[in-house]
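Trainee:
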Amino acid sequence: MGAWKVDPDSIAAIQSGVDWVTLTTPAPECPDDTLELGQAIVREEVAQGAKRKEFRWKGYRGQAVEHCAWGLRPDSAYLRVSSCLASTNLTRLLSLGGRPTRVDHQTTITLSKPVTQFGSRTLRSTGRRQSHRGAPVERLRSTSTRGLWIGRLASRSSKLHQRVYDKGVEAKIAPRGIIWRIESELKEEAAEWTWGELREAKEPSVYSQSVCRWLLERFGSSWPLPTSIASISAPVLSVRRHPEVEETLAWLRKQTRGAVVRLWDAGYRIELLEALGLWGLVRPVDPRGDRGTDGDVPERRSTDLAD
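In this note's numbering, the protein residues as written are 994 to 1300.
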């Protein structure tokens, strides 16, 4: 299937930038600058009316607001900044000496008229996946009960993960199909690589858009925007999951997949989801009308990206 491009005349605005940064500063490095910046951002947000709360995670203890958290434990300092705070504080974050463990880039496209199939068309495979190590790319989509469409490339446990979703619906600021976001999530050595590139970038927003394009093409999808943004080159970055994850998934495929499929096809979907502890997390699809079942379940899932 060939590449798909959105109609240039339908594009009202394009905005790109860093959307998430997680930094850790392990001992014996001095964590003072990491903590000081986290404390400063929290104070600034509280002064603007944000609610401060206690932060505890994996032994870290500190404070947090909605899009920023800092913490300290005996062996490390921790700082997480997300959403608009990540882009507005990027210069301050890049000045720190901490080790990046996760960095997200985003490109948000505002259209003058709705394109409800933007996400599914963007994530479809072109058959030209770039060669790299790792497990086959997973292509998933889901639609929440309130109409939020989100598609994903690769597992969330992967070092490289991409999602495309309807930002207008997610943020409750636009009807379906108007505002779309492409997000690229890079962890571990991928985060370290992109953080180093950001330090050298003359235009961080342009670089963020380039990363979003690079990862789409790396996973075998096409960049949907008819812009002149260049695709970047990157070192070989493994997307292979942790060995324990692979072993567990292999065991599930071998030992339980057959029974699960039989029960699902026989109509025991609710019972199956309850037995697996997934009821309330996954919404079964009604094959007669592609409608989710009644009940307090947040989303339906499908692996078919061809609307």
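Glycine is no exception: its CB is placed at the ideal position from the N, C-alpha and C atoms.
Between the region 1102-1116 and the region 1039-1049, do three or more beta carbon pairs fall short of 8 Å?
Mentor: Touching, no.
Trainee: Would you call T1249 buried or exposed, if buried means 16 or more other Cβ atoms sit within 10 Å of its Cβ?
Mentor: Looking up residue 1249 in the sequence shown gives position 256. So T1249 counts as exposed.
Trainee: In angstroms with no decimal places, state the Cα-to-Cα distance between E1163 and L1141.
Mentor: Start at 1 with the first residue of the sequence shown, and residue 1163 comes out as number 170. Start at 1 with the first residue of the sequence shown, and residue 1141 comes out as number 148. Roughly 6 Å separates the two Cα atoms.
Trainee: Using a Cβ-Cβ cut-off of 8 Å (strictly less than) and excluding sequence neighbours within five positions of L1065, which residues of its own chain qualify?
Mentor: Position 72 of the sequence shown, counted from the first residue, corresponds to residue 1065. Once the five neighbours on either side are set aside, the close Cβ partners of L1065 are P1024, L1028, Y1053, R1054, G1055 and Y1071.
Trainee: Which residue marks the beginning of the beta strand (DSSP E) containing L1133, and which one marks its end?
Mentor: Indexing the sequence shown from 1 puts residue 1133 at position 140. First-last of the beta strand (DSSP E) with L1133: R1132 to S1137.
Trainee: For L1133, decide whether its Cβ has a neighbour in chain B, counting only Cβ atoms nearer than 8 Å.
Mentor: As a matter of chain content, chain B is missing from the structure shown, which is built from one protein chain.
Trainee: Got a sec, what are the start and stop residues for the beta strand (DSSP E) P1019 sits in?
Mentor: Taking the sequence shown and counting its residues from 1, one reaches residue 1019 at position 26. Element bounds for P1019: I1004 to P1019.
Trainee: Count the other C-beta atoms from every protein chain shown that fall within 10 angstroms of the C-beta of T1084, then say buried if there are 16 or more, exposed otherwise.
Mentor: Here residue 1084 refers to the residue found at position 91 of the sequence shown. Answer is exposed; the Cβ neighbour count stays below 16.
Trainee: List the endpoints of the continuous beta strand (DSSP E) containing W997.
Mentor: In the sequence shown, residue 997 corresponds to position 4, counting from 1. Counting along the chain, W997 falls outside any beta strand (DSSP E), and DSSP gives it neither H nor E.
Trainee: Quick check on the burial criterion: 16 or more other C-beta atoms within 10 angstroms. Buried or exposed for S1124?
Mentor: Walking along the sequence shown from the start, residue 1124 turns up at place 131. Its pLDDT being 47, under 50, S1124 is placed unreliably by the model, and the measurement read from it follows with that caveat. It counts as exposed.
Trainee: From the DSSP output, in three-state form, read off A1079 for me.
Mentor: Within the sequence shown, the letter at position 86 stands for residue 1079. Helix.
Trainee: Give a yes or no on contact between the region 1075-1095 and the region 1147-1160, applying the rule of three or more CB pairs nearer than 8 Å.
Mentor: At 8 Å Cβ cutoff, the stretches do not touch.
Trainee: In the DSSP assignment, find the alpha helix (DSSP H) that holds T1187 and state where it starts and stops.
Mentor: To locate residue 1187, count along the sequence shown from 1; it is residue 194. First-last of the alpha helix (DSSP H) with T1187: E1182 to E1193.
Trainee: Look up A1062 in the DSSP assignment and say whether it is helix, strand or coil.
Mentor: Residue numbering aside, residue 1062 sits at position 69 when the sequence shown is read from its first letter. Reduced to three states, the DSSP call for A1062 is strand.
Trainee: So which of I1143, G1090, D1097 and T1136 has the shortest CA-CA distance to A1116?
Mentor: Start at 1 with the first residue of the sequence shown, and residue 1116 comes out as number 123. It is worth fixing the name first, because residue 1116 is Leu in this sequence and not Ala. Closest option to L1116, Cα to Cα, is I1143.
Trainee: Between which two residues does the alpha helix (DSSP H) containing R1037 stretch?
Mentor: Looking up residue 1037 in the sequence shown gives position 44. Here residue 1037 turns out to be Glu, not Arg, going by the sequence shown. It spans D1025 to A1040 - the alpha helix (DSSP H) in which E1037 sits, taken as one unbroken run.
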